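Residue numbers (my numbering), protein chains in the order written: chain P, 2 to 144; chain A, 2 to 144.
Glycine included, every Cβ here is placed at the ideal spot set by N, Cα and C.
Computed from a predicted structure; not experimentally measured.
Protein chains: 2
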Amino acid sequence: MIGSPESDVREKFRRSGYTLTSQRRAVLDALQDFKGHPSAEEVYLAVKKKNPKVALGTVYQALSVLEEIGLIEAKRWSESPVRYDLNTEPHYDIRCTRCGEVAEIPGLKFDDFASRIRENTTYKVTNTSLVIEGHCPACQTET
Amino acid sequence: MIGSPESDVREKFRRSGYTLTSQRRAVLDALQDFKGHPSAEEVYLAVKKKNPKVALGTVYQALSVLEEIGLIEAKRWSESPVRYDLNTEPHYDIRCTRCGEVAEIPGLKFDDFASRIRENTTYKVTNTSLVIEGHCPACQTET
DNA sequence: CACTTTTTAAGAATGGTTATTAATCAAAAC
DNA sequence: GTTTTGATTAATAACCATTCTTAAAAAGTG
């Protein structure tokens with residue numbers, strides 16, 4: 002189980018003032034099942050399997066609420082729609098710009114990221130995101 | 002002068018096989034004048050002032066060529082079109098999610114970034130980009 | 001139950017970016 | 001100095017992820 006435990010989910014909803022509706026729950030569940038980095042479209046398709054009534058727009062709204070309250074993370078790579086990640090523990094992903102595959106980089110840690118940034122700016126830092134791109138082993142062999 | 006010296010510009014074009022056309026030069030010059038982080042649209046407007054004939058599509062093409070050969074950097078913040086930066090020296094920018102202003106964070110350095118990432122993945126890393134967002138001093142006072 | 005507020009569904013609209021295609025330009029060959 | 005060939009550009013259409021709009025449904029509240 003990568004995602005937050007049930008208690009954390011409820012806690013974050015309670016504190017935010019948003020209600021944990023069945024649609025938001027469905028989106029969370031879909032992300033849980035993926036264990037990857039689906040796009041909004043992919044989440045939509047997964048949610049639709051269980052509840053064909055939901056609209057893509059609803060999924061976008063639910064995702065943005067979940068992101069806002071810190072239950073999921075959004076990552077913006079180039080040449081790709083935004084991808085969502087249930088794993089909000091500090092970790093880093095790399096995306097192959099040839100095949101699109103996203104993989105976690107194990108063992109990589111920059112623990113002083115946020116604090117060092119805060120030391121150097123008068124901005125109130127709300128979000129930091131390290132985007133890493135490259136070619137996966139399989140795609141390196143080609144041309 | 003933040004951007005690459007003339008010799009570097011020529012060198013990078015020569016090695017890439019692309020030709021340094023007047024349009025690509027115009028886009029570079031426009032970026033030079035900005036000394037900020039304009040969007041494609043803003044670059045387009047600046048280029049247009051000197052040469053009203055250029056089309057937005059041309060600017061997009063030129064920007065992607067310049068990015069490909071490493072003369073400029075593209076940064077993808079949320080809720081914003083891609084912004085371009087002539088400064089390819091390692092440095093970090095923060096964007097205010099309220100007013101949209103982009104500022105460089107002086108004195109911030111993570112010199113072991115790329116190397117530490119390379120140690121931990123079999124991917125061939127081609128690009129790393131740290132996206133930092135927050136609220137600027139002016140926007141912190143509001144609500 | 002009535003009423004107020006929030007959330008959702010559906011689809012239209014938006015907007016940044018790409019793709020298309022014909023015209024133009026530039027270097028190389030004749 | 002043409003001609004040929006290939007790359008680049010202009011103009012515009014197309015695309016597609018995302019947001020907006022509006023009305024309906026649901027949930028919370030007195």
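Cβ distance (whole Å) where residue i is taken to contact residue j below 8 Å
i	j	result
residue 98 of chain P	residue 73 of chain P	Contact flag wrong, Cβ pair sits at about 23 Å.
residue 55 of chain P	residue 24 of chain P	6 Å
residue 125 of chain P	residue 136 of chain A	5 Å
residue 100 of chain A	residue 41 of chain A	Actually they are not in contact, since the Cβ atoms of residue 100 of chain A and residue 41 of chain A sit about 20 Å apart, beyond 8 Å.
Segment limits, beta strand (DSSP E) that includes residue i
i	result
residue 13 of chain P	Residue 13 of chain P -> not in any beta strand (DSSP E); alpha helix (DSSP H) instead, spanning 7-17.
Cutoff 7 Å; reference residue i; Cβ partners in own chain excluding five residues on either side
i	result
residue 51 of chain P	27
residue 178 of chain P	In this structure chain P extends from 2 to 144, so residue 178 of chain P is not present and cannot be described.
residue 48 of chain A	27, 28, 31, 55 and 60
residue 131 of chain A	93
residue 109 of chain P	93
residue 119 of chain A	126
residue 19 of chain P	66 and 70
Boundaries of the alpha helix (DSSP H) in which residue i is found, first to last residue
i	result
residue 142 of chain A	138-142
residue 21 of chain A	Per DSSP, residue 21 of chain A belongs to no alpha helix (DSSP H) and is neither H nor E.
Identity of the residues DSSP links to residue i by a beta bridge
i	result
residue 131 of chain P	A:131
residue 126 of chain A	P:135
Spatial neighbours of residue i in its chain, beta-carbon cut-off 8 Å, leaving aside the 5 residues before and after
i	result
residue 106 of chain P	92, 93, 94, 95 and 133
residue 16 of chain P	70
residue 44 of chain A	28, 31, 32, 35, 60, 64 and 85
residue 102 of chain A	96 and 137
residue 21 of chain A	10, 11 and 14
residue 58 of chain A	none
Contacts around residue i, its chain only, beta-carbon distance under 6 Å, and the 5 residues preceding and following it disregarded
i	result
residue 83 of chain P	75 and 77
residue 68 of chain A	75
For this session: Starting from the N-terminal side, write out each stretch of the beta strand (DSSP E) that is 3 residues or longer and does not extend beyond the region 38-122 of chain A.
Result: 74-76, 84-86, 93-97 and 103-106
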